[in-house]
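Heads up: the sequence shown begins at 325 in the numbering used here, then just goes up one per residue.
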Amino acid sequence: MTAAETVAGSKHFAAVEPEKSLLSRSFLGLLTTQLLGASNDNILRWLVIGLGKHVVDESRVSWILAIGTASFVLPYLLLAAPAGYLADRFSKRRVIVLCKAAELAIMALAIGAIWYGSVPMMLMVVAMMGAQSALFGPAKLGSIPEMLDQSRISAANGIIGLTTVIATTLGSGLGMWLADAVAGHVSERLWIAASALLGVAVAGLATSLFIRPLEAANPQRRFPWDAARQTWRDLQTLHSDPALWRVALGIMFFWSLGALAQLNIDQFAFEGEATRQTQVAPLLVSLVVGVGVGSVLAGVWSAGRVELGILPLGAGGLLLMSLSLFTVEGEFFEPSGDWTISYIAASALLFFLGCSAGLFDVPLAAYMQQYSPPQQRGSILAASNFLTFSGMLVVSLMFGLIRLPALEGSLDNALAVAGDDVERQQAARDLWDQMHADQKSTEARFRIEPYLAQRPQDELLVRHVYQETVGHPLLTARQIFLLCGMMTLPVLIYIVVLIPQATIRFMAWLVTHTVYRIGVFQRENLPETGGALLAPNHVSWLDGMLLVAVSPRPVRIMITGRLVNQWWSKALAGIMGAIPFGRSPKAARQAIATARQALENGELVCIFPEGGITRTGQLLPFRPGMMQILKGSNAPVIPVYLDELWGSIFSFRGGKFFWKWPSEGTRRVSIWFGQPVEQPTSVFQIRDAVQSLGADAVTGRKQRAMVLPRLMIRKCRKAQFRWKIADSTGQALTGGQLLMRSLILRRLLLREVFQPDEKYVGVLIPPSCGSVVVNCATTLAGRVACNLNYTLTSDVMNQCIRRAGIRHVLTSKKVMDRLDLQLDAEVVLLEDFK
325 MTAAETVAGS KHFAAVEPEK SLLSRSFLGL LTTQLLGASN DNILRWLVIG LGKHVVDESR
385 VSWILAIGTA SFVLPYLLLA APAGYLADRF SKRRVIVLCK AAELAIMALA IGAIWYGSVP
445 MMLMVVAMMG AQSALFGPAK LGSIPEMLDQ SRISAANGII GLTTVIATTL GSGLGMWLAD
505 AVAGHVSERL WIAASALLGV AVAGLATSLF IRPLEAANPQ RRFPWDAARQ TWRDLQTLHS
565 DPALWRVALG IMFFWSLGAL AQLNIDQFAF EGEATRQTQV APLLVSLVVG VGVGSVLAGV
625 WSAGRVELGI LPLGAGGLLL MSLSLFTVEG EFFEPSGDWT ISYIAASALL FFLGCSAGLF
685 DVPLAAYMQQ YSPPQQRGSI LAASNFLTFS GMLVVSLMFG LIRLPALEGS LDNALAVAGD
745 DVERQQAARD LWDQMHADQK STEARFRIEP YLAQRPQDEL LVRHVYQETV GHPLLTARQI
805 FLLCGMMTLP VLIYIVVLIP QATIRFMAWL VTHTVYRIGV FQRENLPETG GALLAPNHVS
865 WLDGMLLVAV SPRPVRIMIT GRLVNQWWSK ALAGIMGAIP FGRSPKAARQ AIATARQALE
925 NGELVCIFPE GGITRTGQLL PFRPGMMQIL KGSNAPVIPV YLDELWGSIF SFRGGKFFWK
985 WPSEGTRRVS IWFGQPVEQP TSVFQIRDAV QSLGADAVTG RKQRAMVLPR LMIRKCRKAQ
1045 FRWKIADSTG QALTGGQLLM RSLILRRLLL REVFQPDEKY VGVLIPPSCG SVVVNCATTL
1105 AGRVACNLNY TLTSDVMNQC IRRAGIRHVL TSKKVMDRLD LQLDAEVVLL EDFK
């Protein structure tokens, strides 16, 4: 690519303004198109696999699974370069629309192949669908950063992952059901499969038209006639960026492992005594639903940025769940067809395996899209796809090989299934002899159906004898899950070693957001580049962790006190780049020099200028040491105020840290970043900035405070079965009783008493549970309750009534009888509502 081509491509690329809403028509169109396309991929693939399994020998079923997947994957390798060319050379919308039109034609060919009954023809159609998807992929993924703002990319990938999961769930389940329905009844039931395949294809073509026009990223790019060399060049381009290369390898590992797990689930179910293809579907659905949940969690936890710290959590989950699936034993189905505990346990483990997979994939996909150069994004994504599908192809072929019968079965294993029943043992011996004779002599395919027809009452015995006759594969399905876990372990170790800081930062984010409901304000005051010194108030033990969690950039915290001498804090400080501030003059000078150098290197440094955690909740005097850090530096000071932390278990409220009960479940915390203070002259100037920011935080707290009626309803619901109020008469109400009585009285007052334009309502009841109910009901009705002083005379009280414009006074008969008042307003006796 020449420099002129690059400049021209960048101009075209910049012409499209990204949208900030995930609800934009264009993104929703892409989302729906992806949903329908992925559904049709899985419908066709599992329909062909299911029909193929009804034709070949039982011992060759694993090859149908492997070849069906390989047929779909191989075009991704052969068309990687043309796919990247199309995504760069033309508008990605145009590529997407043409791919969906091609899908419609391919589905028509698929119907013909199924009608003809040729497995090779059906596999060729699957390969054609794979070619369509290969050309569609780079255009789909590359359009996301062109269509949406950068802050939405992680969330968009999470949603794309969820739609892919939904599509895989629906498509796989429908494909398996169609395979069972159509097999053996093609002439009568082919219309069902045709309706599904063509209907989804037409809908996908229609939704692709909602995608807005996108400019071509590089209109001058030439077609790669030498596709192999172009693929090699794309791989070199990808390899030239070490970070993108490692991410691409991570994506390849994820999809290869996913392909192996998906293929293995089919055999996992049949080894657990499944007899129909539809019995595989719940296990597969558990996996893909888990992937969707994990993808959404990854999008939410990324919090608007690319968060690679999620990767160790995902890899750890993959390792743990894979090893757990190896331990699942027993049959999956009762003789009646009901699920067993083993089946339910396997489904749960597959769900969590999928969750871990979603957590692993989304950050990698988001990083690849956001940090790949725009003019080369199509080529880089195509190269990444080449690696991904190379891994999937190798894994598919390996699966076919390791699932071929390699170990001979034995009659003893077949007799073990028969138990102590002499008649069943003899039946097992007869079946063993008959099957071995048929296997050697017959020219037709050796299948289990004729033996099942002979002994339908002993289906389990027939299946076990048949399995012992054809032999056992090199690895069982459970052992393949063990292999998946062993493959994940070195990947997990590599991730933790490679990005320890991102891992710890994400764990800090997860812990703090579990304990607190965190609101971050004015984060734009944090500079995107360049050094800056953060100067926050110090309220609790978690202050440093909170700042690390909410900052979009790494922060080097200066730590003091006992933490400097703890071995674990030293190790953590080394990983996170924290700066220990020792008590000796030499250690202090070294810490100041290190912090100053970090500022010069463009890093964020945080110092708690109070020198310790506040014991009163108030801002303490700032120590002058921070001015030594700023000496000779042009780095600005960013005032930070941590609000609403006082009173948490990590603060000193109550005269102690930690050893107190939390005052509420998840505490709200506000973190405010102030305007940068350039070239401060003293610590007093910085302290004033932090103090002013604290005033802004308190003002902001008031602005978001909940209105009293809504707060009352929420508090009553939380205390639904706990005592809420009580009075001197012995009456007491729970939160639920108070809310119920208030709402009932509100309805009665609105219907019988209050006028539409009435604003102020008098209340003449002594302090009691009843007066609380009346005040709550009046406020919930949108009126102002004016509590009248019952010790006043009638004249003074009437003067108050006239000045407030009160039309109704809510009271009780006992109060009126005792006070003998003459009021200039309509008196409403609450006893009348009983």
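Quick reminder that beta carbons are idealized off the backbone N, C-alpha and C, glycines included.
Between the beta-carbon of residue 1132 and that of residue 1150 there is about 5 Å, and that keeps the pair under the 8 Å contact cut.
Per DSSP, residue 790 has no beta bridge partner at all. In the DSSP annotation of this structure, residue 849 is not part of any beta strand (DSSP E), being labelled neither H nor E. Pairing residue 409 with residue 709 gives a Cβ-Cβ distance that is not under 7 Å. Its chain contains 916 as the residues whose beta carbon lies nearer than 6 Å to that of residue 952, once the 5 sequence neighbours on both sides are disregarded; these appear in chain order. Around the C-beta of residue 347, fewer than 16 other C-beta atoms lie within 10 Å, and the residue is accordingly described as exposed. By DSSP's assignment, residue 925 forms no beta bridge with any residue. Between residue 975 and residue 864, the gap from beta carbon to beta carbon is short of 7 Å. Going by beta carbons, residue 435 and residue 551 fall outside the 7 Å limit. Taken in chain order, the whole alpha helix (DSSP H) runs of length 4 or more contained in the region 1053-1139 are 1059-1076, 1093-1104, 1118-1128. For the 7 Å CB-CB criterion, residue 450 and residue 437 do not form a contact. When secondary structure is reduced to three states using DSSP, residue 1043 falls in the coil class, being assigned neither helix nor strand. When beta bridges are read from the DSSP output, residue 930 appears opposite 858, 881. When only Cα atoms are considered, residue 904 and residue 483 end up about 42 Å apart.
The region 679-694 makes contact with the region 565-572: 3 or more CB pairs, one atom from each, lie closer than 8 Å.
Per DSSP, residue 619 lies in no beta strand (DSSP E) segment; the continuous alpha helix (DSSP H) that holds it begins and ends at 605-625. Counting C-beta pairs closer than 8 Å gives three or more between the region 535-546 and the region 458-473, which meets the contact rule. Among the bridge pairs identified by DSSP, residue 731 is matched with 796.
Counting C-beta pairs with one atom in each stretch, the region 935-947 and the region 860-879 have three or more that are closer than 8 Å, which means they touch. Cβ neighbours of residue 751 within its own chain (closer than 8 Å, five residues either side excluded): 742, 779, 782, 785. The C-beta distance from residue 353 to residue 619 rounds to 20 Å, too long to meet the 8 Å contact threshold.
Distance from the CA atom of residue 912 to the CA atom of residue 470, rounded to whole angstroms, is 49 Å. As the crow flies, the alpha-carbon of residue 606 is around 18 Å from that of residue 368. Less than 7 Å divides the Cβ of residue 424 from the Cβ of residue 529. Inter-residue distance for residue 954 and residue 946 is about 14 Å (C-alpha atoms, whole angstroms). Separation of the CB atoms of residue 1134 and residue 1086 is rounded to 7 Å, and the pair is thereby assigned contact status at 8 Å. The three-state secondary structure of residue 719, taken from DSSP, is helix. For residue 470, there is no enclosing beta strand (DSSP E); the residue is found in the alpha helix (DSSP H) stretching over 443-471. Our two residues, residue 643 and residue 524, have alpha carbons roughly 36 Å apart in a direct line. Counting of Cβ neighbours within 10 angstroms places residue 996 among the buried residues, the total reaching 16 or more. Secondary-structure assignment with DSSP links residue 657 through a beta bridge to 663. Residue 963 sits in a strand when the DSSP states are folded into three classes. Inter-residue distance for residue 839 and residue 831 is about 12 Å (C-alpha atoms, whole angstroms).
Secondary structure of residue 710 (DSSP, three-state): helix.
Put simply, the region 808-817 does not touch the region 725-735. Fewer than three CB pairs are less than 8 Å apart.
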